[in-house]
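Before any comments, here is the structure.
Number of protein chains: 6
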Amino acid sequence: MKISARNALKGTIKSITKGPVNAEVVIDIGGGVLVTAIITVHAVENLALKEGKEAYAVVKASEVMVAVE
Amino acid sequence: MKISARNALKGTIKSITKGPVNAEVVIDIGGGVLVTAIITVHAVENLALKEGKEAYAVVKASEVMVAVE
Amino acid sequence: MKISARNALKGTIKSITKGPVNAEVVIDIGGGVLVTAIITVHAVENLALKEGKEAYAVVKASEVMVAVE
Amino acid sequence: MKISARNALKGTIKSITKGPVNAEVVIDIGGGVLVTAIITVHAVENLALKEGKEAYAVVKASEVMVAVE
Amino acid sequence: MKISARNALKGTIKSITKGPVNAEVVIDIGGGVLVTAIITVHAVENLALKEGKEAYAVVKASEVMVAVE
Amino acid sequence: MKISARNALKGTIKSITKGPVNAEVVIDIGGGVLVTAIITVHAVENLALKEGKEAYAVVKASEVMVAVE
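Chains as they are written, first to last, in UniProt numbering: chain A, 1 to 69; chain B, 1 to 69; chain C, 1 to 69; chain D, 1 to 69; chain E, 1 to 69; chain F, 1 to 69.
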């Protein structure tokens with residue numbers, strides 16, 4: 001399946017913290033950069049996400065903001 | 001100002017395409033990875049965004065999805 | 001690629017309206033129900049979206065609200 | 001109240017799973033299709049959502065992605 | 001129709017800027033505070049939005065970030 | 001850091017409810033208006049958010065809907 005979301009950052013799952021509804025998944029995309037995703041616990045189970053597994057952080061372009069110093 | 005958004009990816013603005021309301025800003029975050037943001041034209045002007053300028057792609061954790069192959 | 005987004009509604013593309021940055025894609029998911037998506041023009045081109053083509057409307061669960069009458 | 005969100009899918013609440021902050025509400029929109037929403041527990045209480053109750057899954061068009069096989 | 005979105009800020013429409021797909025609607029919520037919304041042009045027409053009209057800026061709680069100085 | 005998000009509403013934190021992953025932060029922006037944000041517990045800790053502290057509710061313009069009565 002190809003999706004319209006413009007951004008897919010490849011990395012490795014560093015940690016998964018589960019609550020009763022949502023889970024926090026931290027993906028290490030290299031260069032010391034971590035990306036945090038909040039997804040449902042059902043999604044974690046459905047995709048069989050585990051620490052150390054390769055995964056992509058996917059973001060729709062309209063959800064990305066820009067900041068400058 | 002410190003913001004709750006968990007993800008800030010540092011890079012350089014590669015291109016800006018303006019429409020009448022929204023603009024597409026592409027940020028090169030290194031390693032051959034591009035991040036696309038859709039923000040308002042007013043924001044582009046207000047932050048004085050320009051190609052070549054250093055910028056961060058900022059994303060709220062709840063907007064990040066996870067995908068696996 | 002499997003994605004964490006919980007919602008994928010299958011349908012047929014009814015119309016595509018392009019602006020300079022974003023495009024409006026209307027998907028007929030059957031039963032007289034239309035779903036409208038705003039995605040980038042680049043995504044429309046990259047996925048080769050066309051009227052009449054089968055497609056899914058995909059939505060992250062955290063983006064869905066609930067309303068009652 | 002009329003809202004700008006373009007998408008409202010009518011259905012029946014199939015299940016509600018509550019955490020301390022968020023709840024997962026699954027709406028059956030017919031034809032074997034389920035839509036999952038993550039909303040606050042306060043919203044579940046405020047709208048008096050219950051299994052079996054008629055409800056709409058409402059989504060802003062800019063939150064909808066498109067996928068093709 | 002009652003919606004799960006937790007935030008509805010009452011104000012008056014100050015300006016509407018239309019592009020071919022999206023429109024920028026600025027709502028004056030009083031006290032010198034303006035709220036900017038990007039919605040589809042179809043939504044502007046469907047709700048018959050006009051400058052000077054009373055309107056609410058509605059935001060799902062999961063879309064709100066917190067910042068401190 | 002300046003961010004592209006168009007909306008920043010100044011107020012005072014009225015309450016914080018923490019779950020294992022997400023937290024609900026209610027900000028009083030004056031005039032009897034409360035804004036609810038769902039952010040990660042890590043963000044609450046990282047920004048050292050506390051009841052009574054001054055804070056901004058920040059929202060990307062593309063996440064704001066418009067409603068009329």
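Note that beta-carbon positions come from the ideal geometry of N, C-alpha and C, so glycine has one too.
- With respect to chain F, the C-beta atom of E/Gly52 has no partner C-beta closer than 8 Å.
- Rounded to the nearest angstrom, the gap between the Cα atoms of E/Ser15 and D/Glu63 is 24 Å.
- In the displayed model, A/Ser4 falls within coil according to three-state DSSP, outside both helix and strand.
- Taking CB atoms only, A/Thr17 has no neighbour in chain B less than 8 Å away.
- For B/Val44, the three-state secondary structure derived from DSSP is helix.
- Taking a cut-off of 8 Å for Cβ pairs, the segment 18-30 of chain C and the segment 16-24 of chain B touch, as three or more such pairs fall below it.
- Put simply, the backbone Cα of C/Tyr56 is about 43 Å away from that of F/Lys50.
- In terms of Cβ geometry, F/Gly31 and E/Gly30 form a close pair [threshold 8 Å].
- Taking 8 Å as the threshold, the shortest C-beta distance from A/Thr36 to chain C does not fall below it.
- The beta carbon of E/Thr40 sits closer than 8 Å to some beta carbon of chain C.
- One Cα belongs to E/Met65, the other to C/Leu34, and the distance between them is close to 31 Å.
- Contact between A/Asn7 and A/Val68 is ruled out by a C-beta separation of about 19 Å, above the 8 Å threshold.
- Ranked by Cα distance from E/Thr36, the first of F/Ile27, F/Val25 and F/Ala61 is F/Ala61.
- Within chain E, the residues whose beta carbon sits less than 9 Å from that of D/Ile3 are Met1, Ile3, Ala5, Ala43, Leu47, Tyr56 and Val58, listed in sequence order.
- Beyond the five residues adjoining it in sequence on each side, D/Met1 comes within less than 6 Å, by CB distance, of no other residue in the same chain.
- When DSSP states are grouped into helix, strand and coil, B/Glu63 belongs to the helix group.
- Taking the beta carbon of F/Ala61 as reference, the chain B residues within 7 Å of it are Thr40, listed in sequence order.
- Spanning the alpha carbons of D/Asn46 and A/Asp28 requires a straight line of approximately 39 Å.
- In the DSSP annotation of this structure, the continuous segment of the beta strand (DSSP E) that includes D/Glu24 starts and ends at Asn22 to Asp28.
- Less than 8 Å separates the beta-carbon of B/Ser4 from that of F/Ile39.
- Each residue's CA atom was taken as its position, placing E/Gly11 and E/Val25 some 12 Å apart.
- In the three-state DSSP reduction, D/Gly11 falls in the strand class (E or B).
- In the structure shown, F/Glu51 adopts coil according to DSSP, grouped into three states.
- Excluding sequence positions up to five before and after C/Val44, its CB lies within less than 8 Å of the CB of Ile16, Lys18, Ala23 and Val25, all in the same chain and listed in chain order.
- The C-beta of D/Val21 comes closer than 8 Å to at least one C-beta of chain F.
- Contacts between E/Gly32 and chain F, judged by CB atoms closer than 8 Å, are missing: the closest CB pair is about 11 Å apart.
- For C/Val66, the C-beta contacts it makes with chain E under 8 Å involve Ile3 and Ser4, in order along the chain.
- Separation of C/Val41 and F/Gly52 (C-alpha to C-alpha, rounded to the nearest whole angstrom) is 45 Å.
- In the displayed model, B/Val58 falls within a strand according to three-state DSSP.
- Per the DSSP secondary-structure output, C/Val68 pairs in a beta bridge with E/Lys2.
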